[in-house]
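All remarks here apply to the structure that follows.
2 protein chains.
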Amino acid sequence: MSNKQIKLASRPTGIPTADNFSFEESPIPSAKDGEVVIRHEYISLDPAMRGWMNDTRSYIPPVQIGEVMRAGAVGQIVESKLDGYEKGEYVMAWTGVQQYGTSGAENLFKVDPNLMPLPRYLGTMGMPGFTAYFGLLEVGQPKEGETILVSGGAGAVGSVVGQIGKLKGCRVVGIAGGAEKCAYLTDELGFDAAIDYKSTENLHKDIKAKCPDGVDVYFDNVGGEMLDAVLTRINRHARIVICGAISQYNSPKIYGPSNYLSLLVNRARMEGFVVFDYSKDYGKAAMQMAQWTMAGQLKSREHVVDGIENFHSALLKLFSGDKLGKLVLKV
Amino acid sequence: MSNKQIKLASRPTGIPTADNFSFEESPIPSAKDGEVVIRHEYISLDPAMRGWMNDTRSYIPPVQIGEVMRAGAVGQIVESKLDGYEKGEYVMAWTGVQQYGTSGAENLFKVDPNLMPLPRYLGTMGMPGFTAYFGLLEVGQPKEGETILVSGGAGAVGSVVGQIGKLKGCRVVGIAGGAEKCAYLTDELGFDAAIDYKSTENLHKDIKAKCPDGVDVYFDNVGGEMLDAVLTRINRHARIVICGAISQYNSPKIYGPSNYLSLLVNRARMEGFVVFDYSKDYGKAAMQMAQWTMAGQLKSREHVVDGIENFHSALLKLFSGDKLGKLVLKV
Chain Y
90 MSNKQIKLAS RPTGIPTADN FSFEESPIPS AKDGEVVIRH EYISLDPAMR
140 GWMNDTRSYI PPVQIGEVMR AGAVGQIVES KLDGYEKGEY VMAWTGVQQY
190 GTSGAENLFK VDPNLMPLPR YLGTMGMPGF TAYFGLLEVG QPKEGETILV
240 SGGAGAVGSV VGQIGKLKGC RVVGIAGGAE KCAYLTDELG FDAAIDYKST
290 ENLHKDIKAK CPDGVDVYFD NVGGEMLDAV LTRINRHARI VICGAISQYN
340 SPKIYGPSNY LSLLVNRARM EGFVVFDYSK DYGKAAMQMA QWTMAGQLKS
390 REHVVDGIEN FHSALLKLFS GDKLGKLVLK V
Chain X
90 MSNKQIKLAS RPTGIPTADN FSFEESPIPS AKDGEVVIRH EYISLDPAMR
140 GWMNDTRSYI PPVQIGEVMR AGAVGQIVES KLDGYEKGEY VMAWTGVQQY
190 GTSGAENLFK VDPNLMPLPR YLGTMGMPGF TAYFGLLEVG QPKEGETILV
240 SGGAGAVGSV VGQIGKLKGC RVVGIAGGAE KCAYLTDELG FDAAIDYKST
290 ENLHKDIKAK CPDGVDVYFD NVGGEMLDAV LTRINRHARI VICGAISQYN
340 SPKIYGPSNY LSLLVNRARM EGFVVFDYSK DYGKAAMQMA QWTMAGQLKS
390 REHVVDGIEN FHSALLKLFS GDKLGKLVLK V
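Taken in sequence, the protein lines are chains Y and X.
All residue numbers for the first sequence refer to our numbering, where the first residue is 90 and numbers rise by one.
All residue numbers for the second sequence refer to our numbering, where the first residue is 90 and numbers rise by one.
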């Protein structure tokens, strides 16, 4: 009876290599007072994890060398010494890339496997979904009839951003890599248009063609030259929501948007946010998104990779884009 | 009896050269119905003029080749066919780099030469002052006790930003070029500290030392590497006001701020604005700033260059920084 774990063995430079991580086994933990032990069923793989591997000051401390890699997970409580949490209940917790984790009450959320498939609590009904919800509605402030452009449009965050945008009466355009993802956006999720950045000859022209009235809200998960191209097409008082920059996370030098003076010309703003700041309102967002899901207005896909030992190869799919929807590891 | 004029002869690439402008003489204009003729006494030289020379879509159309170079000016009405404006009155208008200009009622403002020296209506009591007032208060939203950092701190805009910041109870730090300007900021204008970017060995370290509690509002007139350095020192929920980027106006390629992801980590925003959007409130701002000036709380300096024929060499002082305070041409 052992607990398989993935630990950070060394800090990556560029794309993480297999030997940046170590695969270890340790005894299954037991609960201290005020704790539960969770047997993980699914572990979340998110672009933000790349940042947590760097030894830099950020919105959250870096993962230390030798620590279990930080990740969200869903699973079943197998032991509880925490009031209000019973053995057998399902929870979402920040218990990392391992088979079993322990958690106190903080950031421990009960989930219902009968309401939604478990992996969804790591996607649309979890951190990526809340990121889309608060980032778009609180920071992006979309108004009916406006045009929303979202990069990483087929990803766990972007796909929710676009669908909420449609529910709010906006024209929604997604940028994604490949014909399959673009078809998913327009045919299955109801986006008004999609731009395939992998096959485009001129991203500027494609943005102009697909957003003929300009861009009012740009929700950016990608950064780099894509952000720079969008800056040339923003409208007056546009809002650029800086959610991430996955194109830059493995770069030695971040690409700075040289068209940022478009913010001046267009009286526009570029604003960052961190979803954890909205944690007191997660419940409200979850209820709203559950309603939309039940009504068939908010669709989700999860891309499941089997086996904790495949952590590294699965992680790379975040950067290659070789997945569709929310990427999770099945334990 | 002729009207000396400076016209745009060709579009500059990089720093404007003398032959980008032509010096011409034409007859003194006469007023059509609804117009006044103004004999200019002072003409404003502003960084924004460099942008108006480029043939690019912006917040205002470019100056056309062969047109009198656009500029603000103050002078005396010598002929009026416009109701409410009398011969002999003084006005500020957008009548360009010439000795005499004609204007309709739009953007024509009466000024009182007994209240303030005339050049001040092109500086603190004119567009640069309003730019500082609305950019800081409306976009920057400073709160008492916060730290404001302003680049181009000794310039027409920056010097007013800093003084208004002090009036609002903030700690104010200015970035300027040279010991004389820095002394002007701290000794004469009451800034809490100044950073001499021309003599600094490490701008990051200087910003950290002079803004020990971080930067809450950065009012940026300069752009480039300076903006990138400040991005590493901003606080949570910081506001970066994009007013201009004089370090970049003559560059073939704008420097993009590679530290922009600091906006995400710090839940901060970068926002541009154009002063003309606030024109309906100029009167309110002018009264407030006149009161502060009378009370000795808002000081100004003008750097006067004599002779319209010296337009080109005077213009270059904007980019070299070889001037202190608001730069004007005396006609």
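Note that beta-carbon positions come from the ideal geometry of N, C-alpha and C, so glycine has one too.
Legend entry - Proximal chain Y residues relative to R358 (chain X), where beta-carbon distance stays under 8 Å: As a position in the second sequence, residue 358 (chain X) is number 269, starting the count at 1. Under the 8 Å cutoff, chain Y gives R358, M359, E360, G361.
Inset, instruction - Look at the alpha carbon of E99 (chain Y) and the alpha carbon of L387 (chain X), and state the distance between them as a whole number of angstroms. - result: On the first sequence, position 10 is the one that residue 99 (chain Y) refers to. On the second sequence, position 298 is the one that residue 387 (chain X) refers to. Sequence inspection shows Ser at residue 99 (chain Y); the Glu mentioned does not correspond to that position. So the two alpha carbons sit approximately 56 Å from each other.
Inset, instruction - Give the range of the alpha helix (DSSP H) segment to which P217 (chain Y) is assigned. - result: Locating residue 217 (chain Y) in the first sequence gives position 128, counting from the first residue. In the DSSP assignment, P217 (chain Y) falls within the alpha helix (DSSP H) that extends over 216-223.
Legend entry - For C30 (chain Y), the nearest candidate out of Y:T184, Y:G241, Y:R159 (CA to CA): Absent from the structure is residue 30 (chain Y), since the part of chain Y shown begins at 90 and ends at 420.
Inset, instruction - Could you tell me the boundaries of the alpha helix (DSSP H) in which V249 (chain Y) lies? - result: As a working mapping, residue 249 (chain Y) is identified with position 160 in the first sequence. Note, V249 (chain Y): alpha helix (DSSP H), 247-256.
Inset, instruction - Taking 8 Å as the threshold, find out whether the stretch 214-231 of chain Y comes into contact with the stretch 112-128 of chain Y through three or more Cβ pairs. - result: Contact between the stretch 214-231 of chain Y and the stretch 112-128 of chain Y is absent, because fewer than three Cβ pairs lie under 8 Å.
Legend entry - Contacts that I331 (chain Y) makes with chain X (C-beta to C-beta distance below 8 Å): As a working note, residue 331 (chain Y) is residue 242 in the first sequence. Going along chain X in sequence order, the residues near I331 (chain Y) (Cβ under 8 Å) are Y349, L350, L352, L353.
Legend entry - Sequence-distant residues of its chain with Cβ nearer than 8 Å to A374 (chain X) (five each side left out): Start at 1 with the first residue of the second sequence, and residue 374 (chain X) comes out as number 285. Here the set comprises G218, F219, Y222, F223, Y367.
Inset, instruction - Please go through the same chain and pick out, in chain order, the residues whose beta-carbon is closer than 7 Å to the beta-carbon of W141 (chain X), but skip the five residues on each side of it. - result: On the second sequence, position 52 is the one that residue 141 (chain X) refers to. Excluding residues within five positions, the ones whose Cβ falls inside 7 Å are I149, P151, V152, R159.
Inset, instruction - Note down, in chain order, each residue of its chain lying with its Cβ closer than 8 Å to the Cβ of A137 (chain X), except the 5 sequence neighbours on either side. - result: The count along the second sequence starts at 1 and reaches residue 137 (chain X) at position 48. Spatial neighbours of A137 (chain X) in its own chain (CB-CB distance under 8 Å, excluding positions within 5 residues in sequence) are listed in chain order as G333.
Legend entry - Closest Cα partner of Y307 (chain Y) within the set Y:E168, Y:K294, Y:I323: As a first step, residue 307 (chain Y) must be located in the first sequence, where it is residue number 218. Of the candidates Y:E168, Y:K294, Y:I323, the one whose C-alpha sits nearest the C-alpha of Y307 (chain Y) is Y:I323.
Inset, instruction - Under 9 Å between beta-carbons, which chain Y residues line up against Y344 (chain X)? List them in chain order, please. - result: For the purposes of this step, residue 344 (chain X) is taken as residue 255 along the second sequence, with counting starting at 1. By Cβ distance, chain Y contributes G345, S347.
Inset, instruction - Could you please tell me which residues of the stretch 120-154 of chain X, in chain order, have their CB closer than 7 Å to any CB of chain Y? - result: From the stretch 120-154 of chain X, only S147, Y148 have a Cβ closer than 7 Å to chain Y.
Inset, instruction - Quick one: using the 10 Å Cβ neighbour count with 16 as the cut-off for buried, is L421 (chain X) buried or exposed? - result: There is no way to answer for residue 421 (chain X), as the model of chain X reaches only from 90 to 420.
Legend entry - Distance, E195 (chain X) Cα to G372 (chain X) Cα: Indexing the second sequence from 1 puts residue 372 (chain X) at position 283. Indexing the second sequence from 1 puts residue 195 (chain X) at position 106. Taken atom to atom, the span from the alpha-carbon of G372 (chain X) to that of E195 (chain X) is near 15 Å.
Legend entry - Separation of S248 (chain Y) from G215 (chain X), as counted between CA atoms: Here residue 215 (chain X) refers to the residue found at position 126 of the second sequence. Here residue 248 (chain Y) refers to the residue found at position 159 of the first sequence. Roughly 48 Å between the two C-alpha positions.
Inset, instruction - Could you give the DSSP three-state label for L274 (chain Y): helix, strand or coil? - result: Position 185 of the first sequence, counted from the start, is the residue given in the question as residue 274 (chain Y). Correct three-state label for L274 (chain Y): helix.
Legend entry - K347 (chain X) in three-state terms, based on DSSP: As a working mapping, residue 347 (chain X) is identified with position 258 in the second sequence. Before going further, note that residue 347 (chain X) is Ser rather than Lys in the sequence given. Correct three-state label for S347 (chain X): coil.
Legend entry - Sequence ranges, alpha helix (DSSP H) only - wholly within the stretch 268-320 of chain Y, length at least 4: Runs found: 268-272, 292-299, 313-320.
Legend entry - Neighbouring residues, chain Y, relative to A334 (chain X) (Cβ below 9 Å): To locate residue 334 (chain X), count along the second sequence from 1; it is residue 245. Contact annotation for A334 (chain X) against chain Y: Y349, L350, L353 [CB-CB distance below 9 Å, chain order].
Legend entry - Assigned secondary structure, V186 (chain Y) (DSSP; H/G/I helix, E/B strand, else coil): As a first step, residue 186 (chain Y) is located in the first sequence; it is residue number 97 there, counting from the start. In this structure, DSSP gives V186 (chain Y) a state outside helix and strand, which the three-state scheme calls coil.
Legend entry - Proximal residues of chain X, C-beta to C-beta of D317 (chain Y) below 8 Å: For the purposes of this step, residue 317 (chain Y) is taken as residue 228 along the first sequence, with counting starting at 1. What D317 (chain Y) touches in chain X, judged by beta-carbon distance under 8 Å, is G345, going in chain order.
Inset, instruction - Enumerate, from N- to C-terminal direction, the unbroken beta strand (DSSP E) stretches of 3 or more residues contained entirely within the stretch 187-214 of chain X. - result: Listed in chain order, they are 189-192, 198-200.
Legend entry - Nearest-angstrom Cα separation, counted from V394 (chain Y) out to V420 (chain Y): In the first sequence, the residue the question calls residue 420 (chain Y) occupies position 331. In the first sequence, the residue the question calls residue 394 (chain Y) occupies position 305. Roughly 9 Å separates the two Cα atoms.
Inset, instruction - Would you list the residues sitting across from T236 (chain Y) in a DSSP beta bridge? - result: Stepping through the first sequence from its first residue, residue 236 (chain Y) is reached at position 147. T236 (chain Y) pairs with Y:R260.
Legend entry - Classification of S288 (chain Y) by the beta-carbon crowding that lies within 10 angstroms, buried from 16 upward: By one-based count along the first sequence, residue 288 (chain Y) stands at place 199. Exposed, since its Cβ has fewer than 16 Cβ neighbours within 10 Å.
Inset, instruction - Could you name the residues of chain X that D366 (chain Y) contacts, counting a contact when the two beta carbons are closer than 8 Å? - result: Residue 366 (chain Y) sits at position 277 when you count from the first residue of the first sequence. Correct list: R356.
Inset, instruction - Could you spell out the range, first to last residue, of the beta strand (DSSP E) harbouring S91 (chain Y)? - result: One-based indexing of the first sequence puts residue 91 (chain Y) at position 2. Per DSSP, S91 (chain Y) is one residue of the beta strand (DSSP E) stretching across 91-97.
Legend entry - Inter-residue spacing [alpha-carbon to alpha-carbon] between S347 (chain Y) and G312 (chain X): For the purposes of this step, residue 347 (chain Y) is taken as residue 258 along the first sequence, with counting starting at 1. For the purposes of this step, residue 312 (chain X) is taken as residue 223 along the second sequence, with counting starting at 1. If you take the alpha carbons of S347 (chain Y) and G312 (chain X), they lie about 11 Å apart.
Legend entry - Cβ separation of V180 (chain X) and V200 (chain X), assumed to be a contact under 8 Å, to the nearest whole Å: Counted from its first residue, the second sequence places residue 180 (chain X) at position 91. Counted from its first residue, the second sequence places residue 200 (chain X) at position 111. Sure, about 6 Å apart at Cβ, within 8 Å.
Inset, instruction - Give every residue of the same chain whose Cβ lies closer than 8 Å to the Cβ of Y338 (chain X), excluding the five residues on either side of it in the sequence, and list them in chain order. - result: By 1-based counting over the second sequence, the position of residue 338 (chain X) is 249. So the qualifying residues of the chain are P136, R139, G140, F408.
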